[in-house]
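Number 394 in this note's numbering belongs to position 394 of the first sequence; there are no gaps in the numbering. Working notes, beginning with the structure itself.
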Amino acid sequence: MSVLPPVIVWFREDLRLTDNPALAAAVETGAPIVCLYIRETDIPGARAPGGASRWWLNQSLMALAASLEGLGGRLVLKTGDALKVLNALAAETDAKSVFWTRRYGEAEKSADAAVKAALKETGINVQSFNGRLLMEPWALKTGSGGYYRVFTPFWRAMQAAYVAPAALPAPKRLGNIVGASEDLADWDLHPRPDWSAGLADAWTPGEAGALARLAAFLDGPVNGYAETRNRPDLDESTSRLSPHLRFGEIGPAQIWRAVKAGVEARRIDERAALVFLSEIAWREFSHVLLHFNPELAHKNYNSNFDRMPWLSNAAALGAWQAGQTGYPVVDAGLRQLWHTGWMHNRVRMIVASFLTKHLLLPWQAGETWFWDTLVDADPAINAASWQWTAGSGADAAPYFRVFNPITQGSKFDETGAFVRRWCPQLARVPDKFLHAPFEAPEGILKTAGVVLGKTYPKPIVEHSAARQRALDAYKQTKEEQGAA
DNA sequence: TTTTGAGTTGTTCGA
DNA sequence: GTCGAACAACTCAAA
């Protein structure tokens with residue numbers, strides 16, 4: 001019989017048992033553990049997860065619950081205001097402490113601080129841990145004490161400063177101290193009507209799926225990363241770990257250790273490894289930017305852009321969302337997103353550039369769409385990346401950098417496999433015209449079975465005119481700024 | 001304090 | 001076809 005009061009481990013964005021500092025610390029106390037997940041209904045200012053994220057969460061919670069049961073434990077599910085749920089569960093189980101992994105969305109951060117303060121007042125000990133980042137936003141400072149605003153110096157400093165902590169094993173057994181749980185099936189996270197088949201085909205949510213994905217990527221594909229990471233036509237050109245990271249089914253420290261070990265053992269090419277880890281560092285950098293600029297989520301980081309003459313055009317936005325712009329690489333990306341809840345990073349840049357520059361629509365419109373449709377939608381990364389592409393973000397791109405969707409398509413979807421997969425209407429168009437079917441002679445389209453405007457849309461804007469319009473708008477914005 | 005070098009991801013045009 | 005220049009100016013980080 002245990003004399004120690006139970007510890008509640010509140011799982012949130014850390015749905016894993018291995019290398020989970022909050023869980024490991026709870027196990028370390030020797031006390032019985034109550035594993036909890038709360039469907040929070042009352043976080044002020046929080047954005048509800050999109051449909052794709054809800055689907056993932058459902059799968060991931062099922063996986064976590066199964067893992068816990070395998071250890072003799074159980075996942076307690078509750079709905080409501082986190083503080084009320086925690087107080088009630090503590091009363092029910094006699095728990096005197098709550099452990100959790102910190103999260104970094106602005107609303108979640110403030111809510112957690114309030115919960116922590118309130119629990120402390122009622123005599124409940126709260127301990128929070130870093131299980132989602134290599135280095136938390138405040139951990140890395142420039143020489144003058146500020147935060148890094150430019151990626152390259154940030155990345156250099158991080159490489160010099162970061163030391164991965166020792167790996168933490170998953171618990172071997174968990175005692176069966178539980179409170180009453182709700183039924184996950186009642187949470188209605190699964191879409192109705194069920195459009196999730198494409199997601200289920202593409203992904204295995206959960207810790208085991210995450211670890212398998214990492215192992216598969218490090219067992220070969222990573223070595224080509226420096227050369228092929230921009231190729232959406234190749235299935236293994238990227239790790240596809242983003243949604244697993246988003247839900248904390250794997251932590252960046254695990255990735256860091258595994259990559260470094262591979263380099264050490266000469267199984268992984270060092271240069272490729274560094275390029276891959278720098279992408280993990282971009283994830284960290286986004287968190288720094290959001291932490292020090294909470295308004296980054298909805299306002300221009302660079303206020304010059306407050307004067308941008310964005311258009312309001314529901315038809316154009318709808319065509320973009322549906323993958324009906326008439327530019328194959330753009331449409332393929334948006335259809336891939338709709339179908340699988342994910343898009344290759346290179347294609348994210350192309351479609352984002354198209355929305356903000358060719359269509360002159362505000363980046364927030366695209367950011368919102370991504371939030372609703374991506375399985376990896378993350379408040380820091382999504383906002384920082386959209387702003388980066390729009391030009392309003394940290395280390396803004398020069399205003400004249402406007403992606404040409406035709407050139408980008410031929411350059412990165414070299415084989416055409418990407419467009420042919422997601423725009424099968426164009427499957428028989430020869431390579432030469434695949435990325436610009438509107439330039440193909442009548443006869444070629446006819447042979448390929450394409451009728452522009454019927455089987456595949458005509459372009460909704462003409463590239464060079466749209467490009468010029470964007471350049472003029474940016475320039476004018478700048479001049480007004482100077483005059484003001 | 002001042003200075004200096006540098007900054008993820010591109011396109012177009014003309015030689 | 002390839003290649004280099006032009007496209008701007010500004011802020012950041014560190015010496």
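The beta carbon of each residue, even a glycine, is placed where N, CA and C say it ideally should be.
Residue j beta carbon less than 7 Å from that of residue i
i    : j    : result
T101 : D14  : yes
H287 : Y399 : no
A326 : P457 : The question names Ala, yet the displayed sequence has Gly at residue 326. Yes, the pair counts as a contact, with Cβ atoms nearer than the cut-off.
F438 : P459 : yes
V9   : A26  : yes
F418 : D233 : yes
L277 : V259 : yes
G179 : E270 : no
R246 : D431 : no
P243 : D376 : yes
I124 : A90  : yes
T356 : A390 : yes
R54  : L189 : yes
W497 : P294 : An answer regarding residue 497 cannot be provided, because it is not within the stretch 1 to 484 covered by the chain.
G341 : D331 : no
Y301 : G393 : yes
L241 : R266 : no
Distance, residue j Cα to residue i Cα
i    : j    : result
S312 : G366 : 13 Å
W476 : N130 : The sequence given here has Gln at residue 476, not Trp. Whole-angstrom Cα-Cα distance: 45 Å.
T415 : T228 : 13 Å
G333 : S60  : 25 Å
A519 : A465 : A question about residue 519 goes unanswered here, because the residues of the chain that appear run from 1 up to 484.
L68  : W310 : 50 Å
T447 : A210 : 44 Å
S303 : P328 : 33 Å
F305 : E249 : 37 Å
V429 : D186 : 47 Å
D472 : N230 : 29 Å
L140 : M158 : 7 Å
M62  : L184 : 8 Å
H339 : L199 : 7 Å
P181 : I33  : Before going further, note that residue 181 is Ser rather than Pro in the sequence given. Cα to Cα, S181 sits roughly 15 Å from I33.
G224 : L274 : 12 Å
A272 : D194 : 39 Å
A261 : R469 : 50 Å
T79  : A319 : 37 Å
R16  : G453 : 48 Å
A22  : G70  : 19 Å
L133 : N20  : 12 Å
N345 : Q408 : 13 Å
H298 : L374 : 18 Å
E462 : T455 : 19 Å
Cutoff 7 Å; reference residue i; Cβ partners in own chain excluding five residues on either side
i    : result
N87  : T122
L317 : L361 and A365
G51  : P191 and D372
A118 : L83
P5   : A31, D94, A95 and K96
M308 : A473 and T477
W155 : S278 and A281
Spatial neighbours of residue i in its chain, beta-carbon cut-off 6 Å, leaving aside the 5 residues before and after
i    : result
Q321 : W369
Y127 : Residue identity check: residue 127 is Gln in the sequence provided, not Tyr. Excluding sequence neighbours, Q127 sits near F99.
P221 : E236
F217 : S239
A136 : It is Glu, not Ala, that sits at residue 136 in the sequence shown. Counting only Cβ-Cβ distances below 6 Å, and skipping sequence neighbours, we find N130.
I406 : H435 and A436
Y336 : The sequence shown places Gln at residue 336, rather than the Tyr named in the question. Only M343 and W422 meet the Cβ criterion.
A65  : L75
L290 : L296 and A380
P169 : none
A397 : G391
V85  : I38 and K78
Same chain only: Cβ atoms within 8 Å of residue i, ignoring 5 sequence neighbours per side
i    : result
D81  : E40, T41 and D42
F292 : P137 and Y147
F354 : W320, T325, Y327, V330, F403 and P405
S196 : W55 and H190
Subject >> Unbroken stretches of the alpha helix (DSSP H), 4 residues or longer, contained in the stretch 416-482 >> reply: 417-422, 431-434 and 442-448
**OP:** Decide if the stretch 41-49 is in contact with the stretch 153-167; the criterion is three or more beta carbon pairs, one per stretch, under 8 Å apart.
**Re:** no
Original post:
Counting pairs of Cβ atoms below 8 Å between the stretch 274-292 and the stretch 373-384, do you hit three or more?
Top reply: yes
Original post:
Does the pairing of the stretch 254-274 with the stretch 346-359 give three or more beta-carbon distances under 8 Å?
Top reply: no
Subject >> Complete beta strand (DSSP E) runs within the stretch 23-54 (minimum length 3 residues, chain order) >> reply: 33-40
**OP:** Count the C-beta pairs between the stretch 140-155 and the stretch 105-115 that are closer than 8 Å, then say yes if the count reaches three, no if not.
**Re:** no
Original post:
Hey, which unbroken runs of the alpha helix (DSSP H) at 4 residues or more fall wholly within the stretch 244-305?
Top reply: 252-264 and 270-292
**OP:** Write down every uninterrupted run of the alpha helix (DSSP H) in the stretch 98-176 whose length is 4 residues or greater and which is fully enclosed by it, in chain order.
**Re:** 106-121 and 151-161
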